[in-house]
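Residue numbers (the numbering used here), protein chains in the order written: chain A, 885 to 1213; chain B, 3 to 501; chain C, 674 to 1077; chain D, 98 to 429. Glycine residues also receive a C-beta, built at the ideal position from the N, C-alpha and C atoms. Down below is the structure, laid out as structure tokens.
Below is the structure:
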């Protein structure tokens, strides 16, 4: 009986509380900005949020995988930069779009695989490894691009992020939805997702269950690289200039979104939906403040504050959960 | 003789853990300058008692008196300050720090220079050297601990305890990790200390040791105090009787069944410094008990048999064919399944639900395209085993860390069975499990064997070994000491082999 | 409970910090307000705070959004004041929004532009961080009938209606080289003076344009006017971060002992060059640069620099809004010149003698092909005319004889 | 077995020495092939490396406790702003330095408190804090905290030099380094830092309070960041707080290269100092050898990987095999 109730409270605490509070925050923000400036509620404007968050979401999905295993990838931003540069360079030199895209995806994947290789095969902690590769990839991007800025991409290509269904709904929504659903299913329904969480909680136990955790780690970092490459394409569709200084601030943006979504850097606990909401909150904040003609600085301030408060709230909830459990015993 | 100056008096200590009554009004008293051995089987509550004395745990009831006045310890450092020091089983040293730093961690000696207190290394060195002299050994104080051998670590632990100038020393299974030669040095040390007036509680279930160094011995069993006696007045047999003397009765529902042929065989299994040329064979429907003391290499043997640890030599045969195990997955595929003795660390992901734990090893079997888990199948499996093993939990979505030790153990069994094993290797299946649940688990094991499953059961719980095994393999220091058939089984025989 | 306590403690700390770090601020801004009381630019009360700011009447006919490269930096503050002044005169509602230098990015600029489009502004005035990143967005704006005017830094020509350029690149180049040539007049053809070029980042369009112009100018006169100067071909990119710039320049100076003159191309690099020179006690090295005079005031006063080159960013903003209003009212600049209230007025006094006024040509601001309006000649600033610089963040200098 | 270990220990012990040798070779190399060894070269090197050294020490302390501080850079920004604006109001270094250092201390301490009290991983807290700080400058400080045209009452310290070659701030850095090398050897607190970062449970057995230790360490870090900030900004007469966002990565890199284990509990302060010098030398070398400074990023990345690989492979040895791990010491 007590366990029954315990379970319910557990259930409530875990599922209802955090993510739905987050959802409330999101709705609250939308309402708030809507009141501040009704323009914000125009479909075209609200949909523009989707456009803004495109890259972030695409990278946040695999990042949720990684953080769930207790790892982290600081290099995503620069993987994006590097793939973008490679895309630009290939396109300008060969003029072959297909080739350029292939090169871009390949680069991202390779970069991710390199992370994965180091992290799964050596004992170098993910934080340090990706810290190193971060500047490595940045360096490579700079060496390739030098003082060049690659521009003049074909309009057909730009459509991947500029086309609007019925002049209103941005095309992003289609593939973002697909990506999300795929990752959501993998995370919540597949053996992979199950193993990821288990690794996050107790890697030994997973090894003792006959699972090759190294392989899993390798693949999630690789996948992350690939997704970064895709993100870079979406990014370039939106801002048609590939230069080494682009996308540098995306690192923390992505991690922030995931953590805000309630995925614990300690590993094990996580939520894809949370990540989605987290990214949306970021997008709404950005859009909302710009619509209020306020600069990105306030956005940073508020985002940081929300994150800290959110974490503290999360921590307190966890705390109560524990005490509740003790009570039962 | 309770009147003789008693330095430490433990009265009616009771300690409960979730699902287990670890200690039930325990009473022990330690006299000035004596070595008082406390012995009992694994899980009898020895270590718990020590942790209470040194403030790692708080007792639920009862008091401890130090030289007549009530002893209050909230955290280990309090105990140290009171002159009580413990050498923990799991080493409490900092591998990355030097011996010197370790010796004085938390209570460094200081001196004032121009009013500022700074660490006084010369003084610490001096003290350290004098202590190691007392212990009659040399250790390079500037080496990092992780560069030392186990024995030396053990010595450093003791030295660390002595830096507190403690008059009471508690040694918790100090020899568990030591080779016989190292043991003798340790004993010399203990004798020295004793001659210097240090009183010691010596925890062990190695009877030989008790007879060599202890003055008095107290026996505890299942958290209950059994008896105390001057060592000279007891015999090994007597002690063993005290240790295991419990109504075996229906605790061990083992039916004699006709065994099939040999299904699983290991020849000359080697692992450097751990296992020495062990031959092991298992017949269909047989329960092979593996007895021996902690550190005898039983778990290592198990790990090598299921591909979790790499053997340095030897061959494995399953149903006559030689098999090579690269990793545990291979073993799983072949139907060799291992249940770890350490549920928390290797057995379960306790933060996850029952269902998730049970299906963890066979996800790849019950998941379809893109590894999507077939939930119906998953639930079915969970239900099936929850029922057949009668796991007491509302349903499969219940988190395992809310389960009692017994039920947790059942979950790990369920986990193993769900993998459809041919060979089942159980490591300490009933450790930390209360007597009731023990019986249940034994039932389960019995039935499994009846259904034709071949089982290797490692256990330090002698009655369990006796009760359940068709055949017992006894190990000591990584070697196979011998095999006993069910009809010739007796605790004494096993102990005499193992000790 | 303990948690909540420490939470409160945390909050207390933040506020205490806010207090202790903003006390000086308060006082300075007070001073500012006092100083500016008379001037139009007072409207720019909140100048510098990273948040957006609005100028001009609320009920204005036209709403105009301005996106600078970055905010809270002398050059753009001056420009902001110019916009403010013009906004009041023309009765145009101006919204000014951007990020600080450390966080500015094409992506953010795009967002601001997008939101102006969403809010149905009448015109968008951009100083572009790079020419092509959001060209499409601007085109989109133009398709929506919104006027797009770039100022200070241009975008792809088909993405905007007009570009208000501060000065012709080669004019800046000439001024810089002349300035330095003057300072290094002691050198001769046989005993040449080595001069190094320091720019910010590899991908900043303005600087790159000027670099090209300087090279061109130098090559054209290397045997006559600049015979006594040896211009190093490889450029040092010092970046925007003070510390980084510092290091790079110091390394450059210690690497090449020959250097006696430096041409620095941005408001961030000039002070960096000056300070590294000071750190190394290389007083004899001459510096000219494109820089806000105020940023180099101390160096000018201390005689460590003889001059910096710049136009009046205040006037640039001012003119830009006038061009905008012309465009909005269908009187888009055409022909060879565009007449604004500035035309024929005193730009400042020239630095040659500090008295002769330099006037904006009365016939108007030059109009070049591709709808480029040129503000005027760049000015060489020195102690004699530094106070004529308009729109300093913390002073009303220069405003007094504005439009005299 | 035993011998093998001894051998590794020998390597570990001389790790810092090896680094030092690399540094020296580096310097000699530069001096021969470039003008690095000229007074100005050495001077500017010392001038610029000084703040980085202090910062790296600060970061090392935090990392040793098994935590990290992503907001170190932005904290330094605050320090600079406080110092600058006070100096602008005419206060001398006696006033603005302590004030600025206090700000640094409080901010870092705040990180520590939140991360410990609410059991939030420090990397996340400080990451969020960095954003808050950035927003704070731009939103609440005039001109986004940009202070310029600072007079000699601010800059004299940065420019002052001994024997016309050694900058004051380098002297400070050296003093701080020496102090902390001694601090880590001769104080109880330093031992606690190692204990908490190394083996939390054992630390508790030894009667150490991990939470307090971590919080105190953060305050200490803040104090050092304060000093670093002063050393950094008094070099120039202009302060742009937001520009110091990102310096934390330099600190972390330097610490890690210097052999401070990111998992905590392992590494020497002297290592961090040498690491800083090495990392910084790489940057300058690129310029002296006439490369665009962007080769430096790639090189830096590779260097970190190698450095950490050497440390970590040994460090985690005893965790390697489940089998061994399972039984702790008892498998011998």
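(request) Give the interface partners of residue 331/B over in chain A, defined as CB-CB distance under 8 Å, in chain order. (result) To locate residue 331/B, count along the second chain from 1; it is residue 329. Ordered by position in chain A, the residues that pass the 8 Å Cβ test against residue 331/B are 1094, 1095, 1096.
(request) Grab me the residues of residue 232/B's own chain with a C-beta within less than 6 Å of its C-beta, minus the 5 sequence neighbours each way, in chain order. (result) Taking the first residue of the second chain as position 1, residue 232/B is located at position 230. The answer, listed in chain order, is 218.
(request) Excluding the 5 residues preceding and the 5 following residue 1033/A in the sequence, name in chain order all residues of the same chain whose CB lies nearer than 6 Å to its CB. (result) Sequence index remark: in the first chain, residue 1033/A carries index 149 (1-based). Cβ within range, chain order: 1125, 1127.
(request) Label residue 60/B either buried or exposed according to how many other C-beta atoms from any shown protein chain fall within 10 Å of its C-beta, with 16 as the threshold for buried. (result) Within the second chain, residue 60/B is the residue found at index 58, counting from 1. The residue is exposed, with fewer than 16 neighbouring Cβ atoms inside 10 Å.
(request) Would you kindly check if the distance between the Cβ of residue 1185/A and the Cβ of residue 232/D is under 7 Å? (result) The residue given as residue 232/D occupies position 135 in the fourth chain. The residue given as residue 1185/A occupies position 301 in the first chain. In this structure, residue 1185/A lies closer than 7 Å to residue 232/D by Cβ.
(message) So, for residue 700/C: in the same chain, excluding its five sequence neighbours on each side, which residues have a beta-carbon less than 7 Å away from its beta-carbon?
(response) What you label residue 700/C is simply residue 27 of the third chain in a count that begins at 1. Model confidence at residue 700/C stands at a pLDDT of 30, short of 50, so the residue's coordinates are unreliable; what they give is reported in the following sentence. Same-chain partners within the cutoff: there are none.
(request) Compare the C-alpha of residue 833/C against each of 852/C, 844/C, 860/C, 805/C and name the closest. (result) Position 160 of the third chain holds residue 833/C. Minimum Cα distance to residue 833/C is reached at 805/C.
(message) Strictly by DSSP, which residues pair up with residue 824/C?
(response) Counted from its first residue, the third chain places residue 824/C at position 151. Note: residue 824/C sits in a beta bridge opposite 837/C.
(request) Could you list the residues in the stretch 799–813 of chain C with a C-beta less than 8 Å from some C-beta on chain A, going in chain order? (result) From the stretch 799–813 of chain C, only 803, 804, 805, 806, 807, 808, 809 have a Cβ closer than 8 Å to chain A.
(request) Classify residue 696/C as buried or exposed, calling it buried when 16 or more other Cβ atoms lie within 10 Å of its own Cβ. (result) By one-based count along the third chain, residue 696/C stands at place 23. For residue 696/C, the pLDDT reaches just 36, beneath the cut-off of 50, and the residue's location in the model is therefore unreliable, although a value from the coordinates is still provided. Within 10 angstroms of the beta-carbon of residue 696/C lie fewer than 16 other beta-carbons, which makes it exposed.
(request) Just list the alpha helix (DSSP H) runs in the stretch 365–413 of chain B, keeping only unbroken ones of 4 residues or longer that don't cross its boundaries, in chain order. (result) Runs of the alpha helix (DSSP H) inside the stretch 365–413 of chain B: 365–368, 377–390.
(request) Compare the C-beta of residue 953/C with all C-beta atoms of chain D and state if any pair is closer than 7 Å. (result) Here residue 953/C is taken as the residue at index 280 of the third chain, counted from 1. Interface flag for residue 953/C against chain D is set, since a Cβ pair is found closer than 7 Å.
(message) Tell me the residue span of the beta strand (DSSP E) that contains residue 309/D.
(response) Indexing the fourth chain from 1 puts residue 309/D at position 212. For residue 309/D, there is no enclosing beta strand (DSSP E); the residue is part of the alpha helix (DSSP H) that begins and ends at 307–330.
(request) Verify whether the separation of the beta carbon atoms of residue 174/B and residue 205/B is less than 7 Å. (result) In the second chain, counting from the first residue as 1, residue 174/B sits at position 172. In the second chain, counting from the first residue as 1, residue 205/B sits at position 203. The Cβ atoms of residue 174/B and residue 205/B sit closer than 7 Å to each other.
(request) Tell whether a beta-carbon distance below 7 Å holds between residue 970/A and residue 988/A. (result) The residue labelled residue 970/A in the question sits at position 86 within the first chain. The residue labelled residue 988/A in the question sits at position 104 within the first chain. In terms of Cβ geometry, residue 970/A and residue 988/A form a close pair [threshold 7 Å].
(message) Quick check for students: name the residue ranges of the beta strand (DSSP E) that lie wholly in the stretch 1100–1147 of chain A, counting only runs of 3 or more.
(response) Runs of the beta strand (DSSP E) inside the stretch 1100–1147 of chain A: none found.
(message) When you compare the CB of residue 1006/A with every CB in chain D, is at least one pair closer than 7 Å?
(response) In the first chain, residue 1006/A corresponds to position 122, counting from 1. Taking Cβ atoms only, chain D reaches closer than 7 Å to residue 1006/A, which makes this a yes.
(message) Just to confirm the assignment, what range does the alpha helix (DSSP H) spanning residue 223/B have?
(response) The sequence position of residue 223/B within the second chain is 221, counting from 1. Where residue 223/B is concerned, there is no enclosing alpha helix (DSSP H), although the beta strand (DSSP E) around it starts and stops at 218–223.
(message) Quick check on the burial criterion: 16 or more other C-beta atoms within 10 angstroms. Buried or exposed for residue 716/C?
(response) Indexing the third chain from 1 puts residue 716/C at position 43. In this predicted model, residue 716/C has a pLDDT of only 36, less than 50, meaning its place in the structure is not dependable enough to derive any value.
(request) Please classify residue 380/B: is it buried, with 16 or more other beta-carbons within 10 angstroms of its beta-carbon, or exposed? (result) Counting from one through the second chain, the residue named residue 380/B turns up at place 378. Around the beta-carbon of residue 380/B, 16 or more other beta-carbon atoms lie within 10 Å, marking it buried.
(request) Within the same chain, show all residues whose beta-carbon is closer than 7 Å to that of residue 703/C, passing over the 5 residues directly before and after it, in chain order. (result) Indexing the third chain from 1 puts residue 703/C at position 30. Low confidence applies here, because residue 703/C scores a pLDDT of 31, under 50, leaving its location unreliable; read the following figure in that light. Around residue 703/C: no qualifying Cβ.
(request) Identify the contact partners of residue 948/C in chain D, using a Cβ-Cβ distance below 9 Å as the criterion. (result) Taking the first residue of the third chain as 1, we reach residue 948/C at position 275. The answer, in chain order, is 252, 255, 256, 332, 333, 334, 335.
(request) Compare the C-alpha of residue 729/C against each of 748/C, 754/C, 933/C and name the closest. (result) In the third chain, the residue the question calls residue 729/C occupies position 56. Per the C-alpha coordinates, the member of 748/C, 754/C, 933/C positioned closest to residue 729/C is 754/C.
(message) Need the endpoints of the alpha helix (DSSP H) that residue 1081/A sits in, please.
(response) Within the first chain, numbered from 1, the residue matching residue 1081/A stands at position 197. Its alpha helix (DSSP H) spans residues 1075–1091.
(message) Could you compute how far the alpha carbon of residue 337/B sits from the alpha carbon of residue 330/B?
(response) Counting from one through the second chain, the residue named residue 337/B turns up at place 335. Counting from one through the second chain, the residue named residue 330/B turns up at place 328. Note on geometry: alpha-carbon atoms of residue 337/B and residue 330/B lie some 10 Å from one another.
(message) Output needed for residue 777/C: all residues of its chain with C-beta closer than 7 Å, excluding positions within five of it in sequence on either side, in chain order.
(response) In the third chain, residue 777/C corresponds to position 104, counting from 1. Only 742, 743, 771, 802 meet the Cβ criterion.
(request) Please go through the same chain and pick out, in chain order, the residues whose beta-carbon is closer than 6 Å to the beta-carbon of residue 313/D, but skip the five residues on each side of it. (result) Numbered from 1 along the fourth chain, position 216 holds the residue referred to as residue 313/D. No residues qualify anywhere along the chain.
(message) What would DSSP say about residue 704/C, mapped onto helix, strand or coil?
(response) To locate residue 704/C, count along the third chain from 1; it is residue 31. With a pLDDT of 32 at residue 704/C, under the threshold of 50, the modelled position of that residue is not reliable, and no figure is offered here.
(message) Our contact map puts residue 671/C next to residue 141/D with C-beta atoms below 8 Å; I'd like the distance itself, whole angstroms only.
(response) Here chain C has residues from 674 to 1077 only, and residue 671/C is not among them.
(request) Determine, using beta carbons only, whether residue 486/B and residue 474/B come nearer to each other than 7 Å. (result) Mapped onto the second chain, residue 486/B falls at position 484. Mapped onto the second chain, residue 474/B falls at position 472. Yes, they are a contact pair.
(request) Starting from the C-beta of residue 968/A, find all residues in its chain whose C-beta is less than 6 Å away, skip the five residues before and the five after it, and write them out in chain order. (result) Working through the first chain from its first residue, we reach residue 968/A at position 84. Excluding residues within five positions, the ones whose Cβ falls inside 6 Å are 1116, 1120, 1126.
(request) Please go through the same chain and pick out, in chain order, the residues whose beta-carbon is closer than 8 Å to the beta-carbon of residue 216/B, but skip the five residues on each side of it. (result) In the second chain, residue 216/B corresponds to position 214, counting from 1. If the five residues before and after residue 216/B are omitted, its C-beta is found closer than 8 Å to the C-beta atoms of 37, 38, 39, 204, 233, all from its own chain and listed in chain order.
(request) Quick one: which residues of the stretch 776–792 of chain C get their C-beta closer than 8 Å to a C-beta of chain A? List them in chain order. (result) Against chain A - using a Cβ distance shorter than 8 Å - the residues of the stretch 776–792 of chain C are 776, 778, 779, 780, 781, 783, 784, 785, 787, 788, 791, 792.
(message) Suppose you measure from the CA of residue 425/B to the CA of residue 177/B; what does that come to, to the nearest Å?
(response) Stepping through the second chain from its first residue, residue 425/B is reached at position 423. Stepping through the second chain from its first residue, residue 177/B is reached at position 175. So the alpha carbons of these two residues sit roughly 33 Å apart.
(message) Please tell me whether residue 398/B and residue 318/B are closer than 7 Å, where the distance is taken between their beta carbons.
(response) In the second chain, counting from the first residue as 1, residue 398/B sits at position 396. In the second chain, counting from the first residue as 1, residue 318/B sits at position 316. Not a contact, by the Cβ cut-off of 7 Å.
(message) Among 328/B, 459/B, 481/B, whose alpha-carbon lies nearest the alpha-carbon of residue 271/B?
(response) For this step, residue 271/B is matched to residue 269 along the second chain. Comparing Cα positions, the closest option is 481/B.
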